[in-house]
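Read through the structure below, which is laid out as structure tokens, and then see the notes.
Protein chains in written order, with full-length UniProt numbering: chain F, 1 to 180; chain B, 1 to 591.
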């Protein structure tokens, strides 16, 4: 491999990328989300999806769910880098546990008339999407499911008059009686 | 209504800061006043337990605190104002983060009601310093201040040490609240560094060590951070196993340079024997080092045949650059103690005589060779002369960054930890002079020398004024080659000898400059005068700028060229134009 002139060792890395969902339990305090996001941008990691909300108000705990991609070595780095942050209690790799459920909620606005409108409603029914707003020329559907299902639904709505989409990002939880 | 005026724990935020410093045993801080810290300065004025050293630039305060910390093992403390005071701290904070130096920075902030208003001397200090601190806090309520200050000291000094920053708005400094002394509940429950190594992993490590044929110990700054006990245990492990030992730049002094198992520093400008031993070993024990890119060379050719054991307190250091076989997360001192105990109980010193014979052959290449001259001072010779003149003295060395730093690491023999203060990870030119100020404050009667370059030293030269004010007799030993030597070296090697902006034109007259500051200036040109001048420098009990004029075009070897492995070092005797061209060939290297 030819090296360009550099004071650094430049290398190609060929390990395949994997997608992992991480659940991060943090102290809910000012700046905690900025710390987590700053870590990802500062170290060049990817964020595919990010969901955050306080989950236990009395203990000031928030749960951040991050979907990220990287080589296995990078994924391990991300987990370690998150885990060493002062306000982080716990990092769980939901993908690695292989016992997790992932859900996302999307609101999908579709505008159309006639056959398109009927078809949109029919598909929504097949996907178990609910109508949460309607006018004579539009619907807003609420759909819940894993990312693939929502992507598929949105793709189907596109030719039927898709106007806009609002998605929550992925939330994940482990199966079975145990907590994380 | 209860009368709180007699409660000794009722005080202003500014008073709490000084009180917390005292409660944490802080005796010296480095700082620079400004509008947003005036209440704190007013408190400092009215007490005598904490000595404040006035620097000339906030960056100087940060590096001085680093030098103080590195040479004592205690946290260094810096106090700066809002806005530019805080932004000037970014370099030392980042430097301390990279080298795991415990630093507590207290910064003033504009009053809370002005935050976000683009007020005078306002900046988003916690936002700016978030990526360059281990943790930081903005304190909005005076009743949180004591807890935050105590936690700040704990976070800075525990686990993997690092810099922290506490940003205190001016109204919080004025407000009165309740102080409490340090207590356990001040710390985030989510923060619990692991100190004790896993017993099963330690057994695996011992089994590898006991059966090694070609072992090496590679130690780093973590051993020094862990404390004197870790150094003692490391030395004992070397003794018990008979293994060769090398160290990173940050780890120098943990094992004595005069020790018989010492291979010298490893890495880009490490010795041939250290790098060859790393490359050919079958078992590597890495203690408190992080496989930095200056150490590993080409990653995919790094020590290809070895089983690697890695002891580190920070799990994120494990498998970051190099995949290891036996990771042990824990404090170096703890883990070394456990390894020694198991090794002594269950294992024998392995027979590695043939390995030592091999190492002797590499050593015989004399990779630090340079040709002395009677006409001009070689920089390597200057360091050796300085080392000889200070041997056995109570000496601390700091450096700037560049060729002089590498020569100092190669030619100055460190016998003890905490004696070597250098900017390893960040490579901060301008670190050494203020760091020397901090070291001298901590060790007023010791000999403190900043081995400097003519370019680096000008970056923080203003701190000479601090040294003069506080009668700190630091010695600034400048290897003056009138170049940014390391930049020039890379331009020669990689950029067709086009010396773009690496020549120091219009250098000041360092002797006159010293005199202008009220310090002592010395200059030496001839090798024959060097020893006498160094003696004079040491005997002067005032700050000295020592302008040591050295061979201008000398380069730093041996060297691992970029993209090459440990066993592809360029040795000094091979470093003629043709060999250099070949070693760096590839890509556009030498167009």
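Ideal Cβ placement from N, Cα and C applies to all residues, glycine included.
Of the listed residues B/94, B/233, B/246 and B/453, nearest to residue 270 of chain B (C-alpha basis): By one-based count along the second chain, residue 270 of chain B stands at place 270. Among B/94, B/233, B/246 and B/453, the Cα nearest to that of residue 270 of chain B belongs to B/246.
Within 10 Å of its beta-carbon, does residue 261 of chain B have 16 or more other beta-carbons around it, so buried, or fewer, so exposed? Taking the second chain and counting its residues from 1, the one referred to as residue 261 of chain B is at position 261. Its Cβ being crowded by 16 or more others within 10 Å, residue 261 of chain B is buried.
Please state whether the Cβ-Cβ distance between residue 313 of chain B and residue 331 of chain B is less than 8 Å. For this step, residue 313 of chain B is matched to residue 313 along the second chain. For this step, residue 331 of chain B is matched to residue 331 along the second chain. Cβ distance < 8 Å, so residue 313 of chain B and residue 331 of chain B count as in contact.
Taking its Cβ as the centre, do 16 or more other Cβ atoms sit within 10 Å of residue 163 of chain B, making it buried, or is it exposed? The residue given as residue 163 of chain B occupies position 163 in the second chain. Note on residue 163 of chain B: 16 or more other CB atoms within 10 angstroms of its CB, so buried under the neighbour-count rule.
For residue 324 of chain B, tell me which candidate among B/362, B/282 and B/333 has the shortest Cα-Cα distance. Mapped onto the second chain, residue 324 of chain B falls at position 324. Among B/362, B/282 and B/333, the Cα nearest to that of residue 324 of chain B belongs to B/282.
If you measure from the beta carbon of residue 135 of chain B to each beta carbon in chain F, is any gap under 8 Å? If you number the second chain from 1, residue 135 of chain B lands on position 135. For residue 135 of chain B, the closest Cβ of chain F is nearer than 8 Å.
Closest to residue 381 of chain B by C-alpha separation, out of B/407, B/359, B/304 and B/259, would be which residue? Within the second chain, the letter at position 381 stands for residue 381 of chain B. Selected option, being the one with the closest Cα: B/407.
With residue 229 of chain B as the anchor, note down where its alpha helix (DSSP H) starts and where it stops. Locating residue 229 of chain B in the second chain gives position 229, where the first residue counts as 1. 228-241 is the extent of the alpha helix (DSSP H) around residue 229 of chain B.
Exposed or buried, which one is residue 56 of chain F when buried takes at least 16 other CB atoms within 10 Å? Counting from 1 along the first chain, the entry for residue 56 of chain F is found at position 56. Residue burial annotation: residue 56 of chain F is exposed, with fewer than 16 other C-beta atoms found within 10 angstroms of its C-beta.
Using the rule of at least 16 other Cβ atoms within 10 Å of the residue's Cβ for burial, across every protein chain shown, is residue 405 of chain B buried or exposed? Start at 1 with the first residue of the second chain, and residue 405 of chain B comes out as number 405. So residue 405 of chain B ends up on the buried side.
Could you tell me which chain B residues have their CB closer than 7 Å to the CB of residue 36 of chain F, listed as they occur along the chain? Numbered from its first residue, the first chain carries residue 36 of chain F at position 36. Within chain B, no residue comes near residue 36 of chain F; the closest Cβ sits about 11 Å away, beyond 7 Å.
Counting only beta-carbon atoms, is residue 97 of chain B nearer than 8 Å to chain F? Residue numbering aside, residue 97 of chain B sits at position 97 when the second chain is read from its first letter. Not one chain F Cβ lies under 8 Å of residue 97 of chain B.
Where residue 34 of chain F and residue 61 of chain F are concerned, what is the direct C-alpha to C-alpha distance, given to the nearest angstrom? Along the first chain, read from residue 1 onward, the residue named residue 34 of chain F stands at position 34. Along the first chain, read from residue 1 onward, the residue named residue 61 of chain F stands at position 61. Roughly 16 Å separates the two Cα atoms.
Distance, Cα to Cα, residue 467 of chain B vs residue 528 of chain B? By one-based count along the second chain, residue 467 of chain B stands at place 467. By one-based count along the second chain, residue 528 of chain B stands at place 528. Put simply, the backbone Cα of residue 467 of chain B is about 30 Å away from that of residue 528 of chain B.
Does the distance from the CB of residue 216 of chain B to the CB of residue 251 of chain B come in under 8 Å? Sequence index remark: in the second chain, residue 216 of chain B carries index 216 (1-based). Sequence index remark: in the second chain, residue 251 of chain B carries index 251 (1-based). The answer is no: Cβ separation not under 8 Å.
Please decide whether residue 316 of chain B counts as near chain F, where near means a Cβ-Cβ distance under 8 Å. By 1-based counting over the second chain, the position of residue 316 of chain B is 316. The C-beta of residue 316 of chain B comes closer than 8 Å to at least one C-beta of chain F.
Classify residue 161 of chain B: buried if its beta carbon has 16 or more other beta carbons within 10 angstroms, exposed otherwise. The count along the second chain starts at 1 and reaches residue 161 of chain B at position 161. Burial state of residue 161 of chain B is buried, judged by a 10 Å Cβ sphere holding 16 or more other Cβ atoms.
Is residue 567 of chain B close to chain F? Criterion is C-beta to C-beta, closer than 8 Å. Numbered from its first residue, the second chain carries residue 567 of chain B at position 567. Taking 8 Å as the CB threshold, residue 567 of chain B stays off the interface with chain F.
Please work out which residues of its chain come closer than 6 Å, Cβ to Cβ, to residue 146 of chain F, disregarding the five sequence neighbours upstream and downstream, and give them in chain order. Position 146 of the first chain holds residue 146 of chain F. By the criterion of a C-beta distance shorter than 6 Å, residue 146 of chain F is surrounded in its chain by 102, once the five residues flanking it on both sides are discounted.
For the beta strand (DSSP E) containing residue 310 of chain B, name the first residue and the last one. Along the second chain, read from residue 1 onward, the residue named residue 310 of chain B stands at position 310. Residues 307-312.
For residue 1 of chain B, which residues in the same chain have their Cβ closer than 6 Å to its Cβ, ignoring the five residues on either side in sequence? Within the second chain, residue 1 of chain B is the residue found at index 1, counting from 1. Any reading at residue 1 of chain B must be qualified, since the residue scores a pLDDT of 47, below 50, and its modelled position is unreliable; no value is offered.
Can the beta-carbon of residue 599 of chain B be found closer than 8 Å to that of residue 238 of chain B? In this structure chain B extends from 1 to 591, so residue 599 of chain B is not present and cannot be described.
Excluding the 5 residues preceding and the 5 following residue 28 of chain F in the sequence, name in chain order all residues of the same chain whose CB lies nearer than 7 Å to its CB. Indexing the first chain from 1 puts residue 28 of chain F at position 28. Within its own chain, the residues whose Cβ lies closer than 7 Å to the Cβ of residue 28 of chain F, once the five positions on either side in sequence are excluded, are 54, 60, 61 and 62, listed in chain order.
Using DSSP with H/G/I as helix, E/B as strand and the rest coil, what is residue 113 of chain B? Sequence index remark: in the second chain, residue 113 of chain B carries index 113 (1-based). Residue state for residue 113 of chain B is assigned as helix, using DSSP reduced to three classes.
For a minimum of 3 consecutive residues, which ranges assigned as the beta strand (DSSP E) are wholly contained in the region 75-135 of chain B? The region 75-135 of chain B contains, as complete beta strand (DSSP E) runs of 3+ residues, the segments 76-80 and 103-109 (chain order).
Opening and closing residue of the alpha helix (DSSP H) in which residue 119 of chain F lies: Residue numbering aside, residue 119 of chain F sits at position 119 when the first chain is read from its first letter. That run of the alpha helix (DSSP H) goes 115-126.
For residue 346 of chain B, which residues from the same chain have a beta carbon less than 7 Å from its beta carbon, with the 5 sequence-adjacent residues on both sides left out? By 1-based counting over the second chain, the position of residue 346 of chain B is 346. Contacts found: 206.
Collapsed DSSP secondary structure at residue 178 of chain F in the structure displayed: For the purposes of this step, residue 178 of chain F is taken as residue 178 along the first chain, with counting starting at 1. If DSSP states are grouped into helix, strand and coil, residue 178 of chain F belongs with coil.
Would you say residue 1 of chain B faces chain F, with C-beta separation under 8 Å as the test? Locating residue 1 of chain B in the second chain gives position 1, where the first residue counts as 1. Note that residue 1 of chain B scores a pLDDT of 47, beneath 50, so its modelled location is shaky and nothing firm can be said.
Are at least three pairs of beta-carbons, each pair with one atom in the region 434-442 of chain B and one in the region 387-402 of chain B, less than 8 Å apart? As far as the Cβ criterion goes, the region 434-442 of chain B touches the region 387-402 of chain B, which means the pair count is three or higher.
In this structure, does DSSP put residue 508 of chain B in helix, strand or coil? As a first step, residue 508 of chain B is located in the second chain; it is residue number 508 there, counting from the start. Assignment of residue 508 of chain B by DSSP, reduced to helix, strand and coil, places it in the coil class.
Who are the near neighbours of residue 559 of chain B in its chain, counting only those whose CB is closer than 7 Å to its CB and skipping five residues on each side? Translated into the one-based positions of the second chain, residue 559 of chain B becomes position 559. Closer than 7 Å at the Cβ level, and outside the excluded window around residue 559 of chain B, lie 268, 269, 569 and 570.
Beta-carbon of residue 130 of chain B versus every beta-carbon of chain F: anything under 8 Å? As a first step, residue 130 of chain B must be located in the second chain, where it is residue number 130. It does: the Cβ of residue 130 of chain B has a partner Cβ on chain F nearer than 8 Å.
With 8 Å as the threshold, decide whether the Cβ of residue 73 of chain F is near any Cβ in chain B. As a first step, residue 73 of chain F is located in the first chain; it is residue number 73 there, counting from the start. Residue 73 of chain F counts as touching chain B.
Can you find a CB in chain B that lies within less than 8 Å of the CB of residue 161 of chain F? Mapped onto the first chain, residue 161 of chain F falls at position 161. With 8 Å as the cut-off, residue 161 of chain F does not count as an interface residue toward chain B.
Residue 74 of chain F and residue 82 of chain F closer than 8 Å at C-beta: To locate residue 74 of chain F, count along the first chain from 1; it is residue 74. To locate residue 82 of chain F, count along the first chain from 1; it is residue 82. Residue 82 of chain F sits away from residue 74 of chain F, with the two beta carbons spaced by 8 Å or more.
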